[in-house]
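K.L.:
Starting off with a structure, shown below.
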Amino acid sequence: MVDKCLSEWQAAAPPCARVVLLTGASRGYGRALAWAFCREAAETGRCLRLALVSRDMAGMKETVSTLEPLCHLAANGSSISAGGFGLNLSAMSAWLCRGVNTSLGARGSFAARRLLRFHASSTTHIDWPQPGRVGMIGLGQLGTAVKGEAFAKPLLDAGAQWAGSGKVVAEQCDVILTGLPRPEHVSAAMGIDGDRINEDGILAGLKPGAVWIEHSTTDFENTVKIRAEVEKRGAKAVAAPVTGGMQILKVGKMVALVGADEETFQRVKPLISLSAPRIIRCGEFGHETVVKILTNMLCAVQDCAMGEVMMVAKKSGVDMKLLFDAMRISSGNSFCWETEFARVADGSYCPDFTAEMMAKDIQLGQGLAAKHGVPMLMHGQVAQIYEMCMAKYGRDSGSTIPVKLVEDACQTPLADEKLREAFKDWTYTTEIVDGSYAIIHKNIDNPHLDISRKIS
Numbered sequence: 095m096v097d098k099c100l101s102e103w104q105a106a107a108p109p110c111a112r113v114v115l116l117t118g119a120s121r122g123y124g125r126a127l128a129w130a131f132c133r134e135a136a137e138t139g140r141c142l143r144l145a146l147v148s149r150d151m152a153g154m155k156e157t158v159s160t161l162e163p164l165c166h167l168a169a170n171g172s173s174i175s176a177g178g179f180g181l182n183l184s185a186m187s188a189w190l191c192r193g194v195n196t197s198l199g200a201r202g203s204f205a206a207r208r209l210l211r212f213h214a215s216s217t218t219h220i221d222w223p224q225p226g227r228v229g230m231i232g233l234g235q236l237g238t239a240v241k242g243e244a245f246a247k248p249l250l251d252a253g254a255q256w257a258g259s260g261k262v263v264a265e266q267c268d269v270i271l272t273g274l275p276r277p278e279h280v281s282a283a284m285g286i287d288g289d290r291i292n293e294d295g296i297l298a299g300l301k302p303g304a305v306w307i308e309h310s311t312t313d314f315e316n317t318v319k320i321r322a323e324v325e326k327r328g329a330k331a332v333a334a335p336v337t338g339g340m341q342i343l344k345v346g347k348m349v350a351l352v353g354a355d356e357e358t359f360q361r362v363k364p365l366i367s368l369s370a371p372r373i374i375r376c377g378e379f380g381h382e383t384v385v386k387i388l389t390n391m392l393c394a395v396q397d398c399a400m401g402e403v404m405m406v407a408k409k410s411g412v413d414m415k416l417l418f419d420a421m422r423i424s425s426g427n428s429f430c431w432e433t434e435f436a437r438v439a440d441g442s443y444c445p446d447f448t449a450e451m452m453a454k455d456i457q458l459g460q461g462l463a464a465k466h467g468v469p470m471l472m473h474g475q476v477a478q479i480y481e482m483c484m485a486k487y488g489r490d491s492g493s494t495i496p497v498k499l500v501e502d503a504c505q506t507p508l509a510d511e512k513l514r515e516a517f518k519d520w521t522y523t524t525e526i527v528d529g530s531y532a533i534i535h536k537n538i539d540n541p542h543l544d545i546s547r548k549i550s
């Protein structure tokens, strides 16, 4: 029955068909059809948007989980979303659509139409128009959520190829992306050695008309210098550092801070949107790097402050979960508080972004401050705290590790079994609300919140 339905769709659907709305997808026949359509997209390379609809959200979640084995196969831009729950097969983004049910009806019909319009027109899913070949240098924390061969294998299975050098990448690709830890790593990949250009770097193979997209958080002066070398060769440069945290990177909802001329930006926007559908235009090339560095510097201050306020609460007998819940609806709230408190609770201290990475960004910011004559008393202290943490816990310790420094100084762990239990299934996503980031917590509640009346 499933094969018959799929065959009928293949025969009837025009080649340009992009969206399939599948109702009753939470179990049985609907679930089997969802699998069949996903397999069709993965095996044929067809860019397909599959929208799943059901009233049973628990069953819908099970359906989506059964499709996870196809995630690494759908490298063609295919995606799937479900009413009230979303998973993107190519790690681009997830969507939310409420009011959809199997029989549709007035509310469901409206929501289904909205979902279809979104899939058909979303700039997040503009198909990259014949890009030629895209090369990526840097497959670690930024290039993906996992490292090395574990990440490379599905790409190789899907047709990607290893390149022997940056020069080979540039010779064979129309777009080259770099996502590397430090300025010196970017320079090395480009083939810049002081005033000399090496023969095996990206610059040596860069073609006129190609585009270099820099995703690294790196030095302002270095980025501008490399841009000049890129443009000497008739290519274009785009700086697009990303922000939002590794959890958001994994679900394709990052924010990209982009600096580029308008023509080049419009050319690469669909490609950048695949991993970072939220884009902030930062105008002049280089300004995006300044903004990204300052963003991480503020996070560093908050990471250092978190440990101190948490320990004061602990010593005062305040319940840690209560502290988290109260703070996240108070004037002291922040992105770091909402997303990194749980990393203290589980004892990992946010390992996806290391203390060394944070220290690097503080150092870059201090360099900018020195250039412009801005005193950095607070960040000078924060820089020293991170140096102490790296010496004691290692350079690969998580960026929230200053909290542990306070725990050890007071010989008092902040997390206990009760707190670990509260956060054991916690995760989060984000939405843009009125132009600002909003954290959407999952698998955790706020039992301490009592809203006595509706506020208009």
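In our numbering, the protein residues as written are 95 to 550. Just so it is clear, CB atoms sit at the ideal spot from N, CA and C, and this is done for glycine as well. None of the values given here were measured: they were computed from a predicted structure.
#1: Going straight from the alpha carbon of residue 372 to that of residue 332, what length do you get?
#2: Helix or strand or just coil, what does DSSP make of residue 545?
#3: Between residue 540 and the rest of its own chain, which residues show a CB-CB distance below 7 Å, the 5 nearest in sequence each way excluded?
#4: Going by Cα to Cα distance, which pick from 258, 529, 477 and 446 is closest to residue 459?
#5: Enumerate, from N- to C-terminal direction, the unbroken alpha helix (DSSP H) stretches of 4 or more residues contained entirely within the stretch 397-457.
#6: Compute the Euclidean distance between the alpha carbons of residue 306 and residue 317, then round it to the nearest angstrom.
#7: Per DSSP, residue 531 forms a beta bridge with which residues?
#8: In angstroms, rounded to a whole number, what distance separates the CA positions of residue 537 and residue 499?
#9: So the alpha helix (DSSP H) residue 280 belongs to, where does it begin and stop?
#10: On the DSSP bridge assignment, give the partners of residue 514 in chain order.
#11: The beta strand (DSSP E) that contains residue 356, what's its start and end?
#12: Determine the DSSP secondary structure at residue 508, reduced to helix, strand or coil.
#13: Rounded to a whole number of angstroms, what is the C-alpha to C-alpha distance between residue 430 and residue 265?
#14: From the DSSP output, in three-state form, read off residue 538 for me.
#15: Write down the C-beta distance between residue 270 and residue 285 rounded to the nearest angstrom, noting that I regard them as a contact closer than 8 Å.
#16: Thinking just about the alpha-carbon of each residue, which of 530, 456, 544 and 522 is nearest to the one in residue 343?
#17: Would you check if the stretch 475-489 and the stretch 450-467 touch, i.e. whether three or more CB-CB distances between them fall below 8 Å?
#18: Between which two residues does the beta strand (DSSP E) carrying residue 373 extend?
#19: Name the two residues that bound the continuous alpha helix (DSSP H) containing residue 378.
#20: Using beta-carbon positions only, say whether residue 426 and residue 403 come within less than 9 Å of one another.
#21: Does the beta-carbon distance from residue 493 to residue 397 come in below 9 Å?
#22: Can you give the Cα-Cα distance for residue 349 and residue 473, rounded to whole angstroms?
#23: Excluding the 5 residues flanking residue 531 on each side, which residues of the same chain have their C-beta closer than 7 Å to its C-beta?
#24: What's the call for residue 382, buried or exposed, on a 16-neighbour Cβ count within 10 Å?
#25: To the nearest whole angstrom, what separates the beta carbons of residue 231 and residue 263, a pair I think is in contact under 8 Å?
#26: Applying the criterion that 16 or more other CB atoms from any shown protein chain within 10 Å of the CB defines a buried residue, is residue 303 buried or exposed?
#27: Since residue 506 and residue 408 should fall inside the 8 Å C-beta cutoff, what is the C-beta to C-beta distance between them, to a whole number of angstroms?
#28: I'd like to know whether the C-beta atoms of residue 411 and residue 497 end up nearer to each other than 9 Å.
#29: Where does the unbroken alpha helix (DSSP H) through residue 261 begin, and where does it stop?
#30: DSSP state of residue 40, grouped into three classes?
#31: Give the C-beta separation of residue 385 and residue 351 to the nearest angstrom, bearing in mind that I take them to be a contact with Cβ-Cβ under 8 Å.
#32: Using a Cβ-Cβ cut-off of 7 Å (strictly less than) and excluding sequence neighbours within five positions of residue 542, which residues of its own chain qualify?
#33: Using C-beta distances below 7 Å, list every residue in its chain close to residue 534, excluding the 5 sequence neighbours before and after it, in chain order.
#34: Where DSSP assigns a beta bridge to residue 287, which residues make up the other side?
#35: Identify every residue that forms a DSSP beta bridge with residue 308.
P.N.:
Short version:
#1: Going from the Cα of residue 372 to the Cα of residue 332 covers about 16 Å.
#2: Residue 545: coil per DSSP, three-state reduction.
#3: The answer, listed in chain order, is 419.
#4: When 258, 529, 477 and 446 are compared, the shortest CA-CA separation from residue 459 is found for 477.
#5: Here the runs fully enclosed are 414-421 and 429-439.
#6: The straight-line gap from Cα to Cα measures roughly 11 Å.
#7: Answer by DSSP bridge pairing, in chain order: 526.
#8: Those two C-alpha atoms are separated by around 29 Å.
#9: Looking at the DSSP string, the run of the alpha helix (DSSP H) that includes residue 280 is 277-284.
#10: Beta bridge pairing from DSSP links residue 514 with no other residue.
#11: No beta strand (DSSP E) contains residue 356, which is instead part of the alpha helix (DSSP H) from 356-367.
#12: Annotated three-state conformation of residue 508 is coil, per DSSP.
#13: Taking the straight line from one Cα to the other gives about 41 Å.
#14: In the structure shown, residue 538 sits in coil (DSSP, three-state: anything other than H, G, I, E or B).
#15: Wrong, their Cβ atoms sit about 12 Å apart, outside the cutoff.
#16: From the listed residues 530, 456, 544 and 522, the smallest Cα separation to residue 343 is found for 522.
#17: Contact holds: three or more Cβ-Cβ distances are below 8 Å.
#18: Segment 372-375, the beta strand (DSSP E) holding residue 373.
#19: Note, residue 378: premise wrong, no alpha helix (DSSP H); not H, not E.
#20: Taking 9 Å as the cut-off, the beta carbon of residue 426 is found closer than this to the beta carbon of residue 403.
#21: With contacts defined by Cβ atoms closer than 9 Å, residue 493 and residue 397 form a contacting pair.
#22: C-alpha separation (whole angstroms): 25 Å.
#23: For residue 531, the CB contacts under 7 Å within the same chain, skipping 5 residues up- and downstream, are 429 and 524 in chain order.
#24: Of the residues assessed, residue 382 falls on the buried side of the cut-off, its CB having 16 or more other CB atoms within 10 angstroms.
#25: The beta-carbon distance between residue 231 and residue 263, rounded to whole angstroms, is 6 Å. This is short enough to meet the 8 Å contact definition.
#26: Classification for residue 303: exposed.
#27: The Cβ separation is near 6 Å, so the contact holds.
#28: Not closer than 9 Å, so no.
#29: Where residue 261 is concerned, the enclosing alpha helix (DSSP H) stretches over 260-266.
#30: Past the boundaries of the shown model lies residue 40; the chain is included only from 95 to 550, so the question cannot be answered.
#31: Between residue 385 and residue 351 the beta-carbon gap is near 5 Å, inside 8 Å, which marks them as a contact.
#32: Taking C-beta separations shorter than 7 Å and ignoring five residues to either side along the sequence, the partners of residue 542 in its chain run 416, 419 and 420, following chain order.
#33: 522, 523, 524 and 525.
#34: Residue pairing by DSSP puts residue 287 in a beta bridge opposite 290.
#35: Per the DSSP secondary-structure output, residue 308 pairs in a beta bridge with 272 and 333.
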